[in-house]
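The structure appears right after this line, and notes come after that.
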Amino acid sequence: MKKKFKMENLDCANCAAKMEAAINKIQGVKEATVSFMTQRLVIEADDERFDEIVKEAAAACKKVDADCEVLI
């Protein structure tokens, strides 16, 4: 499954790169991209665990930038 999510308050490209690296380490994620310019997160991951992976990804984003929100 592949889905796009809007992000709010993503402050910089460096933060986006850190978030992308963290999300790609989550078990079950095939590919994740975080775009600072478009304020978007795209996740491609296992269908069975997709909802759980999205929650983990949102938590990983919060860890990098506490103000950043992933709109699920």
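At the far end of the sequence shown sits residue 209, using this note's numbering, and the numbering has no gaps. Quick reminder that beta carbons are idealized off the backbone N, C-alpha and C, glycines included.
Extent of the continuous alpha helix (DSSP H) run through residue 155: Reading the sequence shown from its first residue, position 18 is the one you call residue 155. Taken as a continuous stretch (DSSP letters only), the alpha helix (DSSP H) holding residue 155 covers 150 to 161.
Straight-line Cα distance separating residue 195 from residue 167: The residue labelled residue 167 in the question sits at position 30 within the sequence shown. The residue labelled residue 195 in the question sits at position 58 within the sequence shown. So the two alpha carbons sit approximately 16 Å from each other.
Beta-carbon proximity list for residue 181, same chain, < 6 Å, skipping 5 on both sides: On the sequence shown, residue 181 is found 44 positions in, with the first residue counted as 1. Taken in chain order, the residues that qualify are 139, 167, 168.
Burial state of residue 178, where buried means 16 or more other Cβ atoms lie within 10 Å: In the sequence shown, the residue the question calls residue 178 occupies position 41. Buried is the call here.
Cβ-based burial, residue 144 [other Cβ within 10 Å; buried from 16]: Sequence index remark: in the sequence shown, residue 144 carries index 7 (1-based). Classification for residue 144: buried.
Contact set for residue 142: own chain, Cβ-Cβ below 8 Å, skip 5 residues either direction: Working through the sequence shown from its first residue, we reach residue 142 at position 5. The answer, listed in chain order, is 177, 178, 179, 180, 191, 207, 208, 209.
Residue 185 classed as buried or exposed, judged by whether at least 16 other C-beta atoms fall within 10 angstroms: By one-based count along the sequence shown, residue 185 stands at place 48. Classification of residue 185: exposed, given that the 10 Å Cβ count is below 16.
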